[in-house]
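K.L.:
Here it is: the structure, laid out below.
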Amino acid sequence: MNGKINSKLGFGPMSPEIIEGIIKASSELKRAFMLIATKNQIDWNCGYVNNWTTKQYVEFVDGIKKKYKGSKVYLCRDHCGPGFKNKDIKDVFRTINDDIENNFDLIHIDFSKFSSDKKVVLNKTKEVIKWIVRKNPKIKVEIGTEENMGEYKDNFEEIKKELYFIKEFIMPEFFVVQTGSLVKEINQIGSFNKEFILRIHELLQSNYLKLKEHNADYYNEEMILERKGIVDAMNIAPQLGVVQTEIVIKEALIYGMDINPFLERSYQSKAWSKWLNKNTESNKLLCSIIAGHYNFISDKYKELIFKLEKHLDIKNLIIDKIVGLIKHYSNTFDS
Numbered sequence: 044m045n046g047k048i049n050s051k052l053g054f055g056p057m058s059p060e061i062i063e064g065i066i067k068a069s070s071e072l073k074r075a076f077m078l079i080a081t082k083n084q085i086d087w088n089c090g091y092v093n094n095w096t097t098k099q100y101v102e103f104v105d106g107i108k109k110k111y112k113g114s115k116v117y118l119c120r121d122h123c124g125p126g127f128k129n130k131d132i133k134d135v136f137r138t139i140n141d142d143i144e145n146n147f148d149l150i151h152i153d154f155s156k157f158s159s160d161k162k163v164v165l166n167k168t169k170e171v172i173k174w175i176v177r178k179n180p181k182i183k184v185e186i187g188t189e190e191n192m193g194e195y196k197d198n199f200e201e202i203k204k205e206l207y208f209i210k211e212f213i214m215p216e217f218f219v220v221q222t223g224s225l226v227k228e229i230n231q232i233g234s235f236n237k238e239f240i241l242r243i244h245e246l247l248q249s250n251y252l253k254l255k256e257h258n259a260d261y262y263n264e265e266m267i268l269e270r271k272g273i274v275d276a277m278n279i280a281p282q283l284g285v286v287q288t289e290i291v292i293k294e295a296l297i298y299g300m301d302i303n304p305f306l307e308r309s310y311q312s313k314a315w316s317k318w319l320n321k322n323t324e325s326n327k328l329l330c331s332i333i334a335g336h337y338n339f340i341s342d343k344y345k346e347l348i349f350k351l352e353k354h355l356d357i358k359n360l361i362i363d364k365i366v367g368l369i370k371h372y373s374n375t376f377d378s
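Sequential numbering from 44 applies to the sequence shown in this note's numbering.
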């Protein structure tokens, strides 16, 4: 589409079923959503989501959109920078180039892991964005230059200075600010400093920019409403994967299936390590649930699905649960 991003909610494309759930919800709600693919999930040379390349992913999305009348999703790249899949900056450029060739609408440039020197981060951000604009001046850009640590810093003047630096060469679609949100394990453990974020919102609004919050998973209605009118857009991702994992485990147990091979595969992947908070690796069930969606392409998961399909329509059960979760966010935040 490569136009203005008329959407307030971004959702991670963690599986084919989750993607279909997002698109189905878009059709039913008559609202546009952002599909926010990380390099780990989808990339030019495949990712953990169905082993898809970017081209294969886009083809799948286009096919599902035809199934649901009136659906609208924006193809967005989330956290594009060194350190989010590997540290190779050449690989980052290859990802961006492939995104442009496959008609992505927005790319989030995030060099927060590139250097501890903020000046270096900003200059590299400028270099990459100017390269993007030369390749395709219509593509939208999201800026994030701080690693999310689950805390807000009273750094209003620093953000203001950074904003004016960015505006010298691009008017980004979204400006990512740390609001205090943080996902750990299968919970939201962050906080929200409303007074400070309101000041940031007013700064961005006066400069015709939109504030985006990442790590907005596991919000209840009260937490969503607290952000309404202050935060312009939110990203939700790992919660979707956990929902799918929990559904499959629950249904498998109901039908007397052995879930241990899949749980062990998930546990051994160690994809849970960065998400732990108060628990340790000794809580194998929690770790396996956290890491479940990273292992949907495994034979152990596929075997469970094959067995479940003999008893119920597990695919559409997952899709409908995802639709329900999206409605929880959309009906509260986007109405």
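Even glycine gets a Cβ: it sits at the ideal position worked out from N, Cα and C.
Between K98 and E238, what straight-line distance do the alpha-carbon atoms span, to the nearest angstrom?
P.N.:
Here residue 98 refers to the residue found at position 55 of the sequence shown. Here residue 238 refers to the residue found at position 195 of the sequence shown. One C-alpha to the other measures close to 43 Å.
K.L.:
Going by C-alpha to C-alpha distance, which of L225, F212, E189, D160 sits closest to V171?
P.N.:
Here residue 171 is taken as the residue at index 128 of the sequence shown, counted from 1. Of the listed residues, the one whose Cα sits closest to V171 is F212.
K.L.:
Three or more beta-carbon pairs under 8 Å between the region 86-103 and the region 56-66, yes or no?
P.N.:
yes
K.L.:
Could you give the uninterrupted runs of the alpha helix (DSSP H) lying entirely in the region 298-327, keeping only those of 4 residues or more?
P.N.:
303-312
K.L.:
Could you name the residues that DSSP lists as bridge partners for L296?
P.N.:
Taking the first residue of the sequence shown as 1, we reach residue 296 at position 253. L296 is not bridged to any residue.
K.L.:
Mapping DSSP to helix, strand and coil, what is E216?
P.N.:
Along the sequence shown, one-based indexing puts residue 216 at 173. DSSP places E216 in coil when its eight states are reduced to three.
K.L.:
Exposed or buried, what is N374 when buried is set at 16 or more other beta-carbons lying within 10 Å of its beta-carbon?
P.N.:
In the sequence shown, counting from the first residue as 1, residue 374 sits at position 331. Exposed is the call here.
K.L.:
My assumption, with CB atoms under 8 Å, is that I152 sits in contact with V184. Please give the rounded CB distance.
P.N.:
Here residue 152 corresponds to residue number 109 of the sequence shown, with the count starting at 1. Here residue 184 corresponds to residue number 141 of the sequence shown, with the count starting at 1. Confirmed, about 6 Å.
K.L.:
If we ignore side chains and look at the alpha-carbon of each, how far apart do K109 and G55 end up?
P.N.:
Within the sequence shown, residue 109 is the residue found at index 66, counting from 1. Within the sequence shown, residue 55 is the residue found at index 12, counting from 1. Each residue's alpha carbon lies about 20 Å from the other.
K.L.:
Among M192, S309, T188, which has the Cα closest to the Cα of K203?
P.N.:
Reading the sequence shown from its first residue, position 160 is the one you call residue 203. Nearest option by C-alpha distance: T188.
K.L.:
Mind checking which residues open and close the alpha helix (DSSP H) that includes A68?
P.N.:
In the sequence shown, counting from the first residue as 1, residue 68 sits at position 25. 59-72 is the span of the alpha helix (DSSP H), which, as asked, contains A68.
K.L.:
Near L328, which residues of its chain fall below 8 Å by C-beta distance, leaving aside the five closest residues on each side in sequence?
P.N.:
Counting from 1 along the sequence shown, the entry for residue 328 is found at position 285. Result list for L328: L306, in chain order.
K.L.:
Going by C-alpha to C-alpha distance, which of L351, E294, N338, G223 sits closest to M277?
P.N.:
Start at 1 with the first residue of the sequence shown, and residue 277 comes out as number 234. Looking at the Cα atoms, G223 is the closest of the given residues.
K.L.:
Distance check for L247 and V219, CA to CA, integer angstroms please.
P.N.:
Translated into positions along the sequence shown, residue 219 becomes position 176. Translated into positions along the sequence shown, residue 247 becomes position 204. It is roughly 10 Å from the alpha-carbon of V219 to the alpha-carbon of L247.
K.L.:
Do I332 and V286 count as a contact pair if the criterion is CB distance below 8 Å?
P.N.:
For the purposes of this step, residue 286 is identified with residue 243 of the sequence shown, where counting begins at 1. For the purposes of this step, residue 332 is identified with residue 289 of the sequence shown, where counting begins at 1. No, they are not a contact pair.
K.L.:
Does the region 262-282 come close enough to the region 296-315 that 3 or more CB-CB pairs lie under 8 Å?
P.N.:
no
K.L.:
What is the C-beta distance between Y261 and V226, in whole angstroms, given that I count them as a contact (C-beta under 8 Å)?
P.N.:
The count along the sequence shown starts at 1 and reaches residue 261 at position 218. The count along the sequence shown starts at 1 and reaches residue 226 at position 183. Yes, Y261 and V226 are in contact; Cβ-Cβ is about 7 Å, under 8 Å.
K.L.:
I302 CB to nearest chain D CB: under 8 Å?
P.N.:
Protein chains in the displayed structure number just one, and chain D is not present.
K.L.:
Which word fits S378, buried or exposed, when buried means at least 16 other C-beta atoms lie within 10 angstroms of its C-beta?
P.N.:
Residue numbering aside, residue 378 sits at position 335 when the sequence shown is read from its first letter. Flag for S378 reads exposed.
K.L.:
With a threshold of 8 Å, are at least 3 pairs of Cβ atoms found where one atom belongs to the region 289-298 and the other to the region 249-256?
P.N.:
In the pairwise beta carbon analysis, the region 289-298 is classified as not touching the region 249-256: fewer than three pairs are separated by under 8 Å.
K.L.:
Where does the unbroken alpha helix (DSSP H) through K161 begin, and where does it stop?
P.N.:
Taking the first residue of the sequence shown as position 1, residue 161 is located at position 118. Taken as a continuous stretch (DSSP letters only), the alpha helix (DSSP H) holding K161 covers 161-178.
K.L.:
Using a 10 Å radius around the Cβ and a threshold of 16 neighbouring Cβ atoms, would you call T138 buried or exposed?
P.N.:
Indexing the sequence shown from 1 puts residue 138 at position 95. So T138 ends up on the buried side.
K.L.:
Which residue from K47, R74, N49 puts its Cα closest to that of V366?
P.N.:
Numbered from 1 along the sequence shown, position 323 holds the residue referred to as residue 366. When only C-alpha atoms are compared, the closest one is R74.
K.L.:
Can you list, in chain order, the residues of its chain with a C-beta nearer than 6 Å to that of Y100? Leave out the 5 residues immediately preceding and following it.
P.N.:
If you number the sequence shown from 1, residue 100 lands on position 57. The answer, listed in chain order, is I85.
K.L.:
Can you give me the start and stop residues for the alpha helix (DSSP H) that N359 sits inside?
P.N.:
Numbered from its first residue, the sequence shown carries residue 359 at position 316. Segment 357-376, the alpha helix (DSSP H) holding N359.
K.L.:
With a threshold of 16 other CB atoms inside 10 Å of the CB of R177, please say whether the residue is buried or exposed.
P.N.:
In the sequence shown, residue 177 corresponds to position 134, counting from 1. Answer is exposed; the Cβ neighbour count stays below 16.
K.L.:
Which two residues bound the contiguous alpha helix (DSSP H) that contains D105?
P.N.:
As a position in the sequence shown, residue 105 is number 62, starting the count at 1. From DSSP, the alpha helix (DSSP H) with D105 extends over 97-110.
K.L.:
Residues in the same chain with beta-carbon distance under 7 Å from V164, minus the five sequence neighbours each way, listed in chain order, please.
P.N.:
As a position in the sequence shown, residue 164 is number 121, starting the count at 1. Around V164: F154, S155, F157, S158, T188.
K.L.:
Looking only at its chain, what residues have a beta carbon closer than 6 Å to the beta carbon of M57, apart from the 5 residues adjacent to it on each side?
P.N.:
Here residue 57 refers to the residue found at position 14 of the sequence shown. Excluding sequence neighbours, M57 sits near L283, G284, H336.
K.L.:
Compute the distance between the beta-carbons of H257 and N338, then report whether it is under 8 Å.
P.N.:
Within the sequence shown, residue 257 is the residue found at index 214, counting from 1. Within the sequence shown, residue 338 is the residue found at index 295, counting from 1. No; because the gap between Cβ atoms is not below 8 Å, this pair is not in contact.
K.L.:
Using CA atoms only, rank isn't needed, just tell me which of K161, A334, K317, K321 is closest to Q311.
P.N.:
The residue you call residue 311 lines up with position 268 of the sequence shown. When only C-alpha atoms are compared, the closest one is A334.
K.L.:
By the three-class DSSP mapping on this structure, what secondary structure does N338 have?
P.N.:
As a working mapping, residue 338 is identified with position 295 in the sequence shown. N338: helix per DSSP, three-state reduction.
K.L.:
Which residue or residues does DSSP assign as beta-bridge partners of D86?
P.N.:
Counting from 1 along the sequence shown, the entry for residue 86 is found at position 43. Beta-bridge pairing links D86 to T96.
K.L.:
Going by DSSP in three states, F54 sits in which element: helix, strand or coil?
P.N.:
Here residue 54 is taken as the residue at index 11 of the sequence shown, counted from 1. Three-state result, F54: strand.
K.L.:
Give me the residue from W174, K162, N236, D160 with the minimum Cα distance to D197.
P.N.:
Here residue 197 refers to the residue found at position 154 when the sequence shown is read from its first residue. Nearest C-alpha to D197: N236.
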